[in-house]
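What follows is a short report on a single structure.
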């Protein structure tokens, strides 16, 4: 089966989502958006993709999350009041990416360096409330590099396994935080209140390659498993929607 | 023709752009409607740049793009309450990024919860609005906008202080002369901004009759009493999309991004100066602007599949 690494990331994420769950994907998010659409067309027909457009029946994957063409066959339209309320009330899942991601699953989309003189001014995080209030979230990044995967983020846009320095379990009402971190090299999981651990390495990727591109020591299982490859059905469904090949480029 | 049930003496809110924005002062707090490059009040914002308004405070939508970045690049902004500012798949917002790295604009690290909570407080004449999620993480920490209230029984509420815009600039698709606004797609934070701001100016792609509005009242998204002025500006969201009317102009946005990025290497960049000249200071009115961006052919292409 021929597939790109982005398509692999989509299938890994899609398999995590359950039937009848409600989730959000955020802006500029072709990978998680496609994961939801794929899950709906395979094992989770009742999954609801919410946001400013509720449950688009997208026939084509568009690069902008707010594209009008997502609205035309949706089940409902929402505005920022709906999103604001839903983000405090909580949903099942959300996806986050960042300019820095650390071993505790903290995500930084705001800045690298001090506020007075950042080395990189990031775009900032539109919705970070769901990192607190949704049941679980998935971290993903289209590049796995040392500069991104750092021991400690410079700014916490979305808190990971610890919230304000405390394990999430101590703040019982809130979401349980990062579930997985999916990159072009591997799938990482998180222990409650703890740090990132490798769950599986993608086919063809070596442990050395993964460790070299990560800015903190990774926990090495004795025999790291290999990430399950996309099936023919998954790839065929996915490409039927990604007609312009947004996920075909590496 | 159906006879109007409205008194013929009822005043029209349709104004020319100069009249609608005549009382705007330097240092004003301005809210921008839309979301990233969708339904942006782009023509209204270009007019502000032409008028060389300065020291603005921006309350953009939770995800902002062209209008916020252009105002920053033109040197019109002193402070921005920034959630997400980017051009989504096209990349970072160059002027926003540069302003953050050089410290030329006060970037208040905000998010959707802080911006919408702050606007809801203003809309309800409250000093602050409770938002539990703002107690966690770093966003809002240095904003000076987070307040903690403690009840007599010791229970604590975290809230965001009111964000009150002097002016909301909004782009929608249709309005009647009494200021009743109709969005034909997403309304984003526009309705909240219209309730929060002291003054509301809406540009629309087309005017419809009050009779049309009364025939389909469920389609009115912002009732006219909240609106101070309607400016008829067909294609007034360009280069952003206007939902249900035209798509965003990706080629133009990429040219914009290239011009803005050139400021990184050279702060006197000729290509940025050219962009401002070609699309802001050069065209005398909207019709000249529309010719400059590619005329009828460009408009036909952008309309395909979205109206």
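Chains as they are written, first to last, in our numbering: chain A, 4 to 253; chain B, 29 to 335. Glycine included, each C-beta is placed from N, C-alpha and C at the ideal position. Computed from a predicted model, the values in this text were never measured in an experiment.
As assigned by DSSP and simplified to three states, the class of residue 239 of chain B | helix
For residue 51 of chain B, three-class secondary structure by DSSP | coil
Could you tell me whether the segment 116-129 of chain A touches the segment 93-112 of chain B, using the rule of 3 or more Cβ pairs below 8 Å?
-> With the cut-off at 8 Å, the segment 116-129 of chain A and the segment 93-112 of chain B touch.
Do you know how far the Cα of residue 160 of chain A is from the Cα of residue 199 of chain B?
-> 30 Å
Contact test: residue 149 of chain B Cβ vs the ligand SAH heavy atom, cutoff 7 Å = As presented, the structure is devoid of all ligands, the ligand SAH included, so that no description of it is given.
In chain order, what residues of the same chain lie with their CB nearer than 7 Å to the CB of residue 29 of chain B, ignoring the 5 residues before and after it?
-> Confidence is the limiting factor: at residue 29 of chain B the pLDDT is only 49, short of 50, which leaves the residue's position unreliable, though a coordinate-based value still follows. Cβ-Cβ distances below 7 Å link residue 29 of chain B to nothing in the same chain once the five nearest sequence neighbours on each side are left out.
What whole-angstrom Cβ distance do residue 135 of chain A and residue 161 of chain B have, given they're in contact under 8 Å?
-> 5 Å
At least three beta-carbon pairs within less than 8 Å, the segment 77-92 of chain A to the segment 210-225 of chain B | yes
C-beta neighbour in chain B for residue 159 of chain A, strict 8 Å | yes
Examine chain A for any beta-carbon lying closer than 8 Å to the beta-carbon of residue 105 of chain B, and answer yes or no.
-> Not closer than 8 Å to any Cβ of chain A, the Cβ of residue 105 of chain B fails to qualify, so no.
Who pairs with residue 145 of chain A in a beta bridge, going by DSSP?
-> Its beta-bridge partners do not exist; DSSP assigns none.
Hey, quick one: how far does the alpha helix (DSSP H) through residue 90 of chain A stretch, first residue to last?
-> 83-92
For the segment 191-216 of chain B, which residues have a CB atom closer than 8 Å to at least one CB atom of chain A, in sequence order?
-> 213, 214, 215 and 216
Inter-residue Cα distance where the pair is residue 76 of chain A and residue 248 of chain B | 21 Å
When the Cα of residue 214 of chain A is compared with those of A/68, A/25, A/246 and A/150, which residue comes out closest?
-> A/150
Give the DSSP bridge partners of residue 185 of chain B, in chain order.
-> Partner(s): B/177.
In angstroms with no decimal places, state the Cα-to-Cα distance between residue 98 of chain B and residue 157 of chain A.
-> Pairing residue 98 of chain B with residue 157 of chain A, the inter-Cα distance amounts to about 28 Å.
Alpha carbon to alpha carbon, how far is residue 220 of chain A from residue 14 of chain A?
-> Whole-angstrom Cα-Cα distance: 27 Å.
Minimum Cβ-Cβ distance from residue 29 of chain B to chain A less than 8 Å | A caution first: residue 29 of chain B carries a pLDDT of 49, below 50, which makes its placement in the model unreliable, though a value can still be read off. Judged by the 8 Å Cβ criterion, residue 29 of chain B is not in contact with chain A.
Are the Cβ atoms of residue 33 of chain A and residue 66 of chain A separated by less than 8 Å?
-> yes
Closest Cα partner of residue 272 of chain B within the set B/67, B/142 and B/309 = B/67
Alpha carbon to alpha carbon, what distance is there between residue 92 of chain A and residue 146 of chain B?
-> So the alpha carbons of these two residues sit roughly 18 Å apart.
DSSP state of residue 208 of chain A, grouped into three classes?
-> coil
Please state whether DSSP places residue 157 of chain B in a helix, a strand or coil.
-> Residue 157 of chain B: strand per DSSP, three-state reduction.
Measuring CA to CA, which of A/167, A/237, A/163 and A/21 is closest to residue 100 of chain A?
-> Cα-wise, what sits closest to residue 100 of chain A is A/163.
What residues of chain A sit near residue 121 of chain B, judged by a beta carbon separation below 8 Å?
-> Those are 126, listed as they occur along chain A.
Using beta-carbon positions only, say whether residue 293 of chain B and residue 256 of chain B come within less than 8 Å of one another.
-> no
Taking a Cβ distance cut-off of 8 Å, strictly less, list which residues of the segment 4-38 of chain A are near chain B, in chain order.
-> 30, 31 and 33
May I ask you to report which of helix, strand or coil DSSP gives residue 63 of chain A?
-> coil
Which chain A residues sit within Cβ distance under 8 Å of residue 113 of chain B?
-> 126 and 127
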